[in-house]
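For reference, the structure discussed in these notes is given below.
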Amino acid sequence: MKVQILGMGCPKCKLLEQNAREAARELGIDVEIEKVADSDTIMEMGVMMTPALAIDGNVKSAGKVLTKDQVARILKGGK
Amino acid sequence: MAECSCGSGETNLLFACSGAANTGFLADQVMRTLVRRKCGKGTCLSAIGADLSGYLASARASTRNLVIDGCPVACGKKIFEGKGLPFVHVVMTELGVEKGTTEITGDLIEEIADKVAAAMKA
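Right, dumping it as structure tokens:
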């Protein structure tokens, strides 16, 4: 599973990445976490507000920092 | 460019029908005028209809989605309703424009953009 953190590297982006790493670790899921900071790539994915989180190329959230529990729900297949 | 939420303030997303008629052309031009005035960020209505995840997530997270339809067929409105997304709706033909007859001029675009900008703030 590939988790993408979309953002320019601001504190909120870093916090979202941290929450995603912790969620994956607690769930025992092997994930590849990729940081996407290129604005053209972010726009091509249709994301107008960062930070955003995508799972296997599917954007699940934009413009907010999901908590660890919220990321965990998404990783488990929820919304 | 994507907007970092570290900044303060609201994010308005603007969607225009861009249909084939003069009213669709006007809707598109009004959207672009509002983008130039920094009333919001222009984005793609068709991408919402196509279920593209990044556009849907952005529309769910925005402060306000403005859907500019050209005529009463209201394709934009139907798309947003179908996706269960919140939106503010304006229709060009409800602002004194006649489908198929009104000539779309620069002055008209500015005049209608003024009205739509006011509707956004209401």
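Residue numbers (numbering that gives the first Met the number 0), protein chains in the order written: chain X, 0 to 78; chain E, 0 to 121.
C-beta: ideal position from N, C-alpha, C; glycine also.
Restricting to Cα atoms, I'd like to know which of the options is closest to residue i.
{"i": "L55 of chain E", "options": "X:P10, X:M44, X:Q17", "result": "X:M44"}
{"i": "E31 of chain X", "options": "X:L52, X:K11, X:V46", "result": "X:L52"}
{"i": "R36 of chain E", "options": "E:A121, E:L94, E:E109", "result": "E:E109"}
{"i": "K40 of chain E", "options": "X:A36, X:V46, X:D37, X:V35", "result": "X:V46"}
{"i": "A118 of chain E", "options": "E:G83, E:K98, E:T10, E:V89", "result": "E:V89"}
{"i": "M48 of chain X", "options": "X:G56, X:M0, X:K11", "result": "X:K11"}
{"i": "L25 of chain E", "options": "E:T10, E:D68, E:G53", "result": "E:D68"}
{"i": "D106 of chain E", "options": "E:L13, E:V29, E:P71", "result": "E:V29"}
{"i": "A49 of chain E", "options": "E:K114, E:G99, E:G81", "result": "E:G81"}
{"i": "L13 of chain E", "options": "E:T100, E:G95, E:T101, E:G75", "result": "E:G75"}
{"i": "I4 of chain X", "options": "X:I28, X:R24, X:D37, X:D29", "result": "X:D37"}
{"i": "E33 of chain X", "options": "X:V2, X:K67, X:D55, X:G76", "result": "X:V2"}
{"i": "I47 of chain E", "options": "E:V96, E:G83, E:D113, E:D27", "result": "E:G83"}
{"i": "A60 of chain E", "options": "E:T10, E:T100, E:L44", "result": "E:T10"}
{"i": "A71 of chain X", "options": "X:P50, X:M7, X:L15", "result": "X:L15"}
{"i": "V72 of chain E", "options": "E:K98, E:S57, E:G53, E:A58", "result": "E:K98"}
Assuming residue i and residue j form a contact by the criterion Cβ under 8 angstroms, report the distance between their Cβ atoms to the nearest whole angstrom.
{"i": "L74 of chain X", "j": "L26 of chain X", "result": "6 angstroms"}
{"i": "I111 of chain E", "j": "N21 of chain E", "result": "Incorrect: roughly 12 angstroms between the Cβ atoms, too far for contact."}
{"i": "A116 of chain E", "j": "C38 of chain E", "result": "6 angstroms"}
{"i": "V87 of chain E", "j": "L65 of chain E", "result": "5 angstroms"}
{"i": "I54 of chain X", "j": "M0 of chain X", "result": "7 angstroms"}
Given that a residue counts as buried once 16 or more other Cβ atoms are within 10 Å of its Cβ, and exposed if not, what is residue i?
{"i": "E122 of chain E", "result": "Since the displayed chain E opens at 0 and closes at 121, residue 122 of chain E lies outside it and no answer follows."}
{"i": "T62 of chain E", "result": "exposed"}
{"i": "P85 of chain E", "result": "exposed"}
{"i": "Q17 of chain X", "result": "exposed"}
{"i": "M91 of chain E", "result": "buried"}
{"i": "G56 of chain X", "result": "exposed"}
{"i": "G8 of chain E", "result": "exposed"}
{"i": "I28 of chain X", "result": "exposed"}
{"i": "D68 of chain X", "result": "exposed"}
{"i": "P50 of chain X", "result": "buried"}
{"i": "T100 of chain E", "result": "exposed"}
{"i": "G53 of chain E", "result": "buried"}
Which residue or residues does DSSP assign as beta-bridge partners of residue i?
{"i": "I67 of chain E", "result": "E:A15, E:V89"}
{"i": "A54 of chain X", "result": "It should be pointed out that residue 54 of chain X corresponds to Ile in this sequence rather than to Ala. I54 of chain X pairs with X:V2, X:N57."}
{"i": "I32 of chain X", "result": "X:V2"}
{"i": "G41 of chain E", "result": "E:L13"}
For this session: Report yes or no: do the stretch 10 to 17 of chain E and the stretch 33 to 43 of chain X share at least 3 C-beta pairs separated by less than 8 angstroms?
Result: Here the stretch 10 to 17 of chain E makes no contact with the stretch 33 to 43 of chain X; the two share fewer than three CB pairs at distances below 8 angstroms.
Problem set entry | Meets three-Cβ-pair contact criterion under 8 angstroms: the stretch 23 to 42 of chain E and the stretch 55 to 69 of chain X | no
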